[in-house]
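4 protein chains.
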Amino acid sequence: MPSRPRSQAQDPDEAARAARAEWRSRQLLDAAARLMERDGFHGVSMQALAEEASVSVGLIYRYFGGKDDLLLAVIVDVLEAFATRVPSAVEEAGNDPVERIAAAFRAYCDVIDEHRHAAVLTYRESRTLGSEGRNKIKSMEIDTSEPLRAAIRDGASSGLLIAVDTELVAHDLLLMAHGWALKHWYLEQTLRFDDYVTKQTALVLNAIVEPQHRPHYRHLLATH
Amino acid sequence: MPSRPRSQAQDPDEAARAARAEWRSRQLLDAAARLMERDGFHGVSMQALAEEASVSVGLIYRYFGGKDDLLLAVIVDVLEAFATRVPSAVEEAGNDPVERIAAAFRAYCDVIDEHRHAAVLTYRESRTLGSEGRNKIKSMEIDTSEPLRAAIRDGASSGLLIAVDTELVAHDLLLMAHGWALKHWYLEQTLRFDDYVTKQTALVLNAIVEPQHRPHYRHLLATH
Amino acid sequence: MPSRPRSQAQDPDEAARAARAEWRSRQLLDAAARLMERDGFHGVSMQALAEEASVSVGLIYRYFGGKDDLLLAVIVDVLEAFATRVPSAVEEAGNDPVERIAAAFRAYCDVIDEHRHAAVLTYRESRTLGSEGRNKIKSMEIDTSEPLRAAIRDGASSGLLIAVDTELVAHDLLLMAHGWALKHWYLEQTLRFDDYVTKQTALVLNAIVEPQHRPHYRHLLATH
Amino acid sequence: MPSRPRSQAQDPDEAARAARAEWRSRQLLDAAARLMERDGFHGVSMQALAEEASVSVGLIYRYFGGKDDLLLAVIVDVLEAFATRVPSAVEEAGNDPVERIAAAFRAYCDVIDEHRHAAVLTYRESRTLGSEGRNKIKSMEIDTSEPLRAAIRDGASSGLLIAVDTELVAHDLLLMAHGWALKHWYLEQTLRFDDYVTKQTALVLNAIVEPQHRPHYRHLLATH
DNA sequence: TATGAATGAGGCTTCATTCAT
DNA sequence: GATGAATGAAGCCTCATTCAT
Numbered sequence: 001m002p003s004r005p006r007s008q009a010q011d012p013d014e015a016a017r018a019a020r021a022e023w024r025s026r027q028l029l030d031a032a033a034r035l036m037e038r039d040g041f042h043g044v045s046m047q048a049l050a051e052e053a054s055v056s057v058g059l060i061y062r063y064f065g066g067k068d069d070l071l072l073a074v075i076v077d078v079l080e081a082f083a084t085r086v087p088s089a090v091e092e093a094g095n096d097p098v099e100r101i102a103a104a105f106r107a108y109c110d111v112i113d114e115h116r117h118a119a120v121l122t123y124r125e126s127r128t129l130g131s132e133g134r135n136k137i138k139s140m141e142i143d144t145s146e147p148l149r150a151a152i153r154d155g156a157s158s159g160l161l162i163a164v165d166t167e168l169v170a171h172d173l174l175l176m177a178h179g180w181a182l183k184h185w186y187l188e189q190t191l192r193f194d195d196y197v198t199k200q201t202a203l204v205l206n207a208i209v210e211p212q213h214r215p216h217y218r219h220l221l222a223t224h
Numbered sequence: 001m002p003s004r005p006r007s008q009a010q011d012p013d014e015a016a017r018a019a020r021a022e023w024r025s026r027q028l029l030d031a032a033a034r035l036m037e038r039d040g041f042h043g044v045s046m047q048a049l050a051e052e053a054s055v056s057v058g059l060i061y062r063y064f065g066g067k068d069d070l071l072l073a074v075i076v077d078v079l080e081a082f083a084t085r086v087p088s089a090v091e092e093a094g095n096d097p098v099e100r101i102a103a104a105f106r107a108y109c110d111v112i113d114e115h116r117h118a119a120v121l122t123y124r125e126s127r128t129l130g131s132e133g134r135n136k137i138k139s140m141e142i143d144t145s146e147p148l149r150a151a152i153r154d155g156a157s158s159g160l161l162i163a164v165d166t167e168l169v170a171h172d173l174l175l176m177a178h179g180w181a182l183k184h185w186y187l188e189q190t191l192r193f194d195d196y197v198t199k200q201t202a203l204v205l206n207a208i209v210e211p212q213h214r215p216h217y218r219h220l221l222a223t224h
Numbered sequence: 001m002p003s004r005p006r007s008q009a010q011d012p013d014e015a016a017r018a019a020r021a022e023w024r025s026r027q028l029l030d031a032a033a034r035l036m037e038r039d040g041f042h043g044v045s046m047q048a049l050a051e052e053a054s055v056s057v058g059l060i061y062r063y064f065g066g067k068d069d070l071l072l073a074v075i076v077d078v079l080e081a082f083a084t085r086v087p088s089a090v091e092e093a094g095n096d097p098v099e100r101i102a103a104a105f106r107a108y109c110d111v112i113d114e115h116r117h118a119a120v121l122t123y124r125e126s127r128t129l130g131s132e133g134r135n136k137i138k139s140m141e142i143d144t145s146e147p148l149r150a151a152i153r154d155g156a157s158s159g160l161l162i163a164v165d166t167e168l169v170a171h172d173l174l175l176m177a178h179g180w181a182l183k184h185w186y187l188e189q190t191l192r193f194d195d196y197v198t199k200q201t202a203l204v205l206n207a208i209v210e211p212q213h214r215p216h217y218r219h220l221l222a223t224h
Numbered sequence: 001m002p003s004r005p006r007s008q009a010q011d012p013d014e015a016a017r018a019a020r021a022e023w024r025s026r027q028l029l030d031a032a033a034r035l036m037e038r039d040g041f042h043g044v045s046m047q048a049l050a051e052e053a054s055v056s057v058g059l060i061y062r063y064f065g066g067k068d069d070l071l072l073a074v075i076v077d078v079l080e081a082f083a084t085r086v087p088s089a090v091e092e093a094g095n096d097p098v099e100r101i102a103a104a105f106r107a108y109c110d111v112i113d114e115h116r117h118a119a120v121l122t123y124r125e126s127r128t129l130g131s132e133g134r135n136k137i138k139s140m141e142i143d144t145s146e147p148l149r150a151a152i153r154d155g156a157s158s159g160l161l162i163a164v165d166t167e168l169v170a171h172d173l174l175l176m177a178h179g180w181a182l183k184h185w186y187l188e189q190t191l192r193f194d195d196y197v198t199k200q201t202a203l204v205l206n207a208i209v210e211p212q213h214r215p216h217y218r219h220l221l222a223t224h
């Protein structure tokens with residue numbers, strides 16, 4: 001509780017300031033994600049960013065350490081959304097491992113669809129970051145995908161799934177989720193977001209659910 | 001008879017020149033792919049590129065129009081490898097659609113593993129290209145993946161596969177093939193290349209082959 | 001009332017900014033003219049220009065689009081001086097066509113002497129400009145010399161001048177005016193600026209004024 | 001007589017070689033003048049020059065010391081034409097100073113019209129040359145214009161001309177001659193070369209010939 | 001003589017970052 | 001907090017010149 005020690009008389013002020021800072025950060029993060037997705041990290045200048053966010057160049061440096069830092073923040077922003085949304089989605093799905101896998105996958109896809117601009121940056125611009133940032137991202141990626149891997153492990157050990165390589169299946173699901181953003185220009189020609197998720201879920205579960213349990217997951221295996 | 005000698009006497013000269021040019025292009029393309037994969041397109045300076053390839057900066061411009069052009073060439077180089085290798089692999093696989101799918105996927109993976117440096121650039125740096133280059137790549141991607149889609153269509157119409165969305169399955173297979181390069185830093189911890197291909201093949205076929213035909217493809221569905 | 005204050009309260013700010021910009025432009029234009037006359041357009045690097053103007057390289061690009069643009073601006077600067085000074089000089093000379101011709105010529109020479117550095121650029125570096133810039137200059141040249149041509153036409157139609165080719169005489173006068181800058185290294189050995197103008201005026205008028213009217217223009221025809 | 005000592009048996013060889021060298025120089029000089037007039041000295045690369053002259057880059061360096069040297073040679077080429085053609089034209093004009101002035105002017109104009117490409121370079125690119133080359137040109141300019149100045153001085157001392165500043169009139173005539181090349185883009189709209197020379201001759205002579213002698217030079221003073 | 005592949009210094013330009021206001 | 005003018009390092013590219021063949 002680091003906020004308490006601060007004097008109470010200043011709380012209102014501080015709260016207002018914090019709110020303002022929060023608002024500014026969000027404003028900048030969104031502008032950055034939008035522009036970077038369109039033009040790539042290096043295609044966006046700080047001046048362009050300032051204009052897009054309707055602030056001055058100088059102000060950006062009050063909220064972020066620099067351009068690299070901003071990129072990292074944009075990426076972390078998405079990863080934090082994963083960290084928030086995936087576990088709760090898994091929880092809500094109940095105790096069935098297969099349901100949890102499906103829920104996790106859908107949650108991933110939801111976040112990516114909402115942050116389509118920023119999601120691709122993980123793949124595209126990670127080389128831009130220094131090793132420090134890269135390591136942070138790598139470990140966050142691993143952390144945020146843990147619920148998914150746990151569900152797969154549970155499914156396997158409980159006999160609901162055939163013997164599978166947990167890491168590989170998790171990797172595939174994450175790849176498919178990101179695929180929606182990476183190849184959006186192509187996929188959007190034939191699929192709506194919801195169809196993409198439903199079909200991919202069915203495809204993967206069809207591959208890994210024990211045949212004898214499939215009837216039970218008819219609602220996940222059917223695609224229409 | 002000045003024209004006769006020309007067609008033969010000068011051929012050696014021209015041939016030698018062409019060979020040298022070919023050699024230089026390859027040298028530069030390889031150096032570019034290597035460096036760009038490590039540091040990203042924007043992280044590589046022409047100076048650094050020249051040093052890596054052991055030539056002078058100026059010489060690069062004799063073979064490529066500029067940095068963008070070089071990036072495009074690197075990417076096209078991989079796509080051309082797809083265009084060469086995938087169809088022949090499919091052909092050699094015989095007439096069975098399932099075998100053809102597996103062969104196509106393996107060929108994709110082979111090329112990507114051989115060009116791991118360059119393969120990721122398609123995903124990472126496509127925004128860097130102008131729309132002209134981007135369109136060229138898009139159409140090459142679609143062209144080179146046609147054999148795969150054809151095999152999937154054949155499999156579906158012949159009843160070997162369950163009803164699937166051809167585009168989506170093709171997209172998934174391509175994504176998985178590229179996944180080996182994109183997440184190589186992570187995957188190599190637990191998998192060798194051959195295992196990756198074998199397991200992914202099994203996973204996908206398990207999802208799409210009609211249950212009654214699975215026994216026939218035991219060699220593709222088993223992972224060890 | 002946010003709009004009212006703006007129109008007045010912010011004027012000072014805007015005015016100050018505009019004044020600063022004006023000052024910078026002049027500073028750069030002068031430095032550019034000075035250097036380019038000495039070393040030629042291509043002999044002047046942006047680095048050298050920045051040093052001469054005591055600013056950083058980058059700042060030049062805030063005020064001018066690039067090196068070409070700067071050259072164009074320098075040239076246009078002289079042409080604008082013509083456009084301002086020649087007509088008023090002609091006006092002040094009264095209604096006599098011959099007086100107006102003499103006044104126009106002197107005004108041309110004055111401007112060229114004041115911008116001796118820049119004046120030669122019109123002749124020397126026009127090929128450097130793109131066709132767009134070249135056309136702009138051509139049309140400004142024609143526009144700014146119109147008062148002179150008009151005076152010549154008036155003189156001819158009123159019988160004060162012998163029959164002359166208006167275009168040619170105008171061309172000659174402009175050439176002579178620029179000659180002071182073009183061959184300054186040679187002319188300054190024997191002539192002061194004022195003598196140059198006086199003598200050239202006498203020479204030309206002697207060639208074109210109707211003999212019977214010459215006595216009336218004794219003050220222009222005598223050279224000492 | 002440095003050519004004699006050389007063995008006589010080799011003379012044919014040497015002659016052939018010299019002829020070839022002469023031909024090459026001419027070929028290069030012409031190509032250079034052509035290109036430089038169109039694109040300016042700095043707008044022409046040695047590669048472009050080689051192509052225009054249908055030789056290799058390397059060969060240019062066998063005939064000229066470098067690019068600057070070539071520019072100097074192009075300019076000197078024109079000045080040498082002046083040195084050759086003007087005196088003989090003056091000679092042929094007889095002893096009358098006025099006729100000699102007119103002949104000199106026409107000779108100047110002829111050479112300039114024939115070398116229109118190169119003639120402008122004297123004005124445009126002289127700053128490009130080092131001081132050595134510039135001095136050479138300056139002194140050649142002064143030398144080649146001496147016949148003109150001599151004729152003017154003669155005319156003045158013999159009473160055929162009114163009192164004039166010899167240097168200035170010579171300067172004007174040279175300027176007018178070059179004017180044909182400098183403003184060719186504009187003048188060609190209304191004048192043919194011959195008209196230009198005739199009219200300018202008439203204009204200048206009208207300004208400097210003693211009125212009482214004018215009838216005698218009716219053929220030079222009339223413009224049609 | 002003649003070629004043209006190769007070099008590399010130097011130029012123009014961009015843009016992340018700073019700092020006085 | 002906020003601005004934006006100013007900085008200057010670093011990048012891409014050109015092109016005069018050389019030299020092995």
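Residue numbers (the UniProt record's numbering), protein chains in the order written: chain A, 1 to 224; chain B, 1 to 224; chain C, 1 to 224; chain D, 1 to 224.
Note that beta-carbon positions come from the ideal geometry of N, C-alpha and C, so glycine has one too.
(request) Could you please give me the residues that DSSP links to B/Val197 through a beta bridge? (result) Per DSSP, none; premise fails for B/Val197.
(request) Could you tell me the distance, in whole angstroms, from the CA atom of D/Arg116 to the CA atom of C/Arg26? (result) 36 Å
(message) On the criterion of 16 or more Cβ atoms from any shown chain inside 10 Å, does C/Glu22 qualify as buried, or is it exposed?
(response) exposed
(request) Return the bridge partner residues of D/Leu161 from the DSSP annotation. (result) D/Val209
(request) Closer than 7 Å by beta-carbon distance: list the chain D residues that pair up with C/His42, in chain order. (result) His42
(message) C/Ala102 and C/Leu187 - do their beta-carbons sit closer together than 8 Å?
(response) no
(request) May I ask you to verify whether the stretch 142–156 of chain A touches the stretch 49–68 of chain A, counting CB pairs closer than 8 Å and requiring at least 3? (result) no
(request) Report all residues from its chain with a CB closer than 7 Å to the CB of D/His18; omit the five preceding and five following residues, and keep chain order. (result) In the sequence on display, residue 18 of chain D carries Ala and not His. Closer than 7 Å at Cβ, skipping near neighbours: no residue.
(message) If you follow the alpha helix (DSSP H) that B/Asp96 is in, where does it begin and where does it stop?
(response) Where B/Asp96 is concerned, there is no enclosing alpha helix (DSSP H), given that its DSSP letter is neither H nor E.
(request) Please confirm if C/Arg124 has its CB atom under 8 Å from at least one CB of chain D. (result) yes
(request) Counting only the same chain and skipping the five closest in sequence on each side, list residues whose C-beta sits under 7 Å from that of C/Lys67. (result) Met46
(request) Report the three-state DSSP secondary structure of D/Pro5 (helix, strand or coil). (result) The predicted model places D/Pro5 with a pLDDT of 46, which falls under 50 and marks its position as unreliable; any figure quoted below should be read in that light. Reduced to three states, the DSSP call for D/Pro5 is coil.
(request) Kindly indicate which three-state DSSP category B/Val111 falls into: helix, strand or coil? (result) helix
(request) Check the C-beta distance from A/Glu37 over to A/Val164 and give it rounded, since I have them as a contact under 8 Å. (result) About 33 Å; that fails the 8 Å criterion.
(request) Round the Cβ separation of C/Thr122 and C/Leu71 to the nearest angstrom and send it over; I've been treating them as touching at under 8 Å. (result) Between C/Leu71 and C/Thr122 the Cβ distance is about 10 Å, and since that is not below 8 Å, they are no contact.
(request) For D/Tyr106, count neighbouring C-beta atoms within 10 Å of its own C-beta (all shown protein chains included) and say buried if the count is 16 or more, exposed if not. (result) Here residue 106 of chain D is Arg; the residue named in the question, Tyr, does not match the sequence. When all chains shown are included, D/Arg106 counts as buried.
(request) Determine the DSSP secondary structure at D/Lys183, reduced to helix, strand or coil. (result) coil
(message) Between C/Glu167 and chain D, is any beta-carbon pair separated by less than 8 Å?
(response) yes
(message) So the candidates are A/Ala177, A/Glu125, A/Ala50; which of them puts its Cα closest to the Cα of A/Phe82?
(response) A/Ala177
(message) I'd like the span of the alpha helix (DSSP H) that includes B/Val57, first residue to last.
(response) 57–63
(request) Determine which residues of the stretch 201–214 of chain D have a Cβ less than 9 Å from any Cβ of chain C, and write them out in chain order. (result) Ala202, Leu203, Val204, Leu205, Asn206, Ala207, Ile208, Pro211
(request) Confirm, please, whether the CB-CB distance from B/Val86 to B/Leu160 is below 8 Å. (result) no
(message) In this structure, how does DSSP classify C/Glu188 when only helix, strand and coil are distinguished?
(response) coil
(message) If the criterion is Cβ atoms closer than 8 Å, does the pair B/Leu29 and A/Ala207 meet it?
(response) no
(request) Mark A/Met1 as exposed unless 16 or more other C-beta atoms lie within 10 angstroms of its C-beta, in which case mark it buried. (result) Residue confidence for A/Met1 is low, a pLDDT of 38 falling below 50, so the modelled location carries little weight; the figure read from the coordinates is stated next. By the 10 Å Cβ count, A/Met1 comes out exposed.
(request) Identify which residue in D/Ala33, D/Asn95, D/Asp96, D/Glu52 has its Cα closest to the Cα of D/Asp69. (result) D/Ala33
(request) Please confirm whether B/Leu175 and A/Leu175 have their CB atoms less than 8 Å apart. (result) yes
(message) As a quick exercise: from A/Ser56, A/Lys136, A/Val90, pick the residue whose alpha carbon is nearest that of A/Arg149.
(response) A/Val90
(message) Here's a check: name, in chain order, each residue in its chain whose Cβ is nearer than 7 Å to the Cβ of D/Pro147, leaving out the five neighbours to either side.
(response) Val86, Pro87, Val90, Ala104
(request) Please report how far the alpha carbon of B/Glu125 lies from the alpha carbon of B/Ser139, in whole angstroms. (result) 16 Å
(request) Please classify D/Ser54: does DSSP put it in a helix, a strand, or coil? (result) coil
(message) Taking only three categories from DSSP, how would you classify B/Ala222?
(response) coil
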